[in-house]
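What follows is a single structure, written as structure tokens, with notes after it.
Residue numbers (this note's numbering): 1010 to 1214.
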């Protein structure tokens, strides 16, 4: 059992001011999602990623850690990226299911795309907004957005490339690097003057 303080009980019973919730109406939310998101972070301002390599160039990184002397991106509001996938096309023999591969690449939980608006999910990934959409999205069709959809083979090929570490969904303006084989992450970070965050290990590892 958990013991709650009096202040917790009082604050839980207090009324909350949610501000203007009008933007959650269907018409207002569509407008917000598509074009009116602050700092031009709406879907219509996104750059389509035709390949995973192209997406990584847009994100401005080549591996988990920046190159020597490199600094994490400092631009506060980068243009969003639109990543379209084709779940209706069966994977080739020996490949995993599309969503398993997409989730492995983006560091997302398992399962198909959920919490999406008309087939488009808005993700905060690294220091950029990524719109993850299915090629059958009615919203993309209504907006006449036709990016090249990526297939299971695109993700499988990228994830199997042993020459490049898999991308990691790091917080904005952060960097990470692997510890030497057999070394403790905590000791490695301490020696490098960095901080080891347990919650990031699943994404980075």
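Here a beta-carbon is modelled for each residue, glycine too, at the ideal position from N, C-alpha and C.
Three-state secondary structure assigned by DSSP to residue i
| i | result |
| --- | --- |
| residue 1167 | helix |
| residue 1147 | helix |
| residue 1161 | helix |
| residue 1046 | coil |
| residue 1039 | helix |
| residue 1206 | coil |
| residue 1142 | strand |
Chain-order list of residues whose beta-carbon lies under 7 Å from that of residue i (same chain, five-residue window excluded)
| i | result |
| --- | --- |
| residue 1158 | 1093, 1094, 1095 and 1144 |
| residue 1118 | 1112 |
| residue 1068 | 1135 and 1137 |
| residue 1147 | 1127 and 1128 |
| residue 1120 | 1108 |
Buried or exposed (CB count within 10 angstroms, at least 16 for buried), residue i
| i | result |
| --- | --- |
| residue 1204 | exposed |
| residue 1167 | buried |
| residue 1060 | exposed |
| residue 1142 | buried |
| residue 1201 | exposed |
| residue 1191 | exposed |
| residue 1034 | exposed |
| residue 962 | Not covered by the structure: residue 962. The range shown for the chain is 1010 to 1214. |
| residue 1151 | exposed |
| residue 1083 | Reliability of the predicted coordinates at residue 1083 is poor, the pLDDT of 46 falling under 50, and the value obtained from them is presented with this limitation in mind. That one is exposed. |
| residue 1087 | buried |
Own chain, CB closer than 8 Å to residue i, minus 5 neighbours either side, in chain order
| i | result |
| --- | --- |
| residue 1114 | 1061, 1164, 1167, 1168, 1175 and 1176 |
Whole-number beta carbon distance between residue j and residue i, since they are thought to touch under 8 Å
| i | j | result |
| --- | --- | --- |
| residue 1031 | residue 1037 | 6 Å |
Chain-order list of residues whose beta-carbon lies under 6 Å from that of residue i (same chain, five-residue window excluded)
| i | result |
| --- | --- |
| residue 1188 | 1194 and 1197 |
| residue 1058 | 1064, 1090 and 1092 |
Considering only residues of the region 1086-1136, which uninterrupted alpha helix (DSSP H) runs meet the minimum length of 4 residues and lie entirely inside it, listed in chain order? Correct list: 1107-1115.
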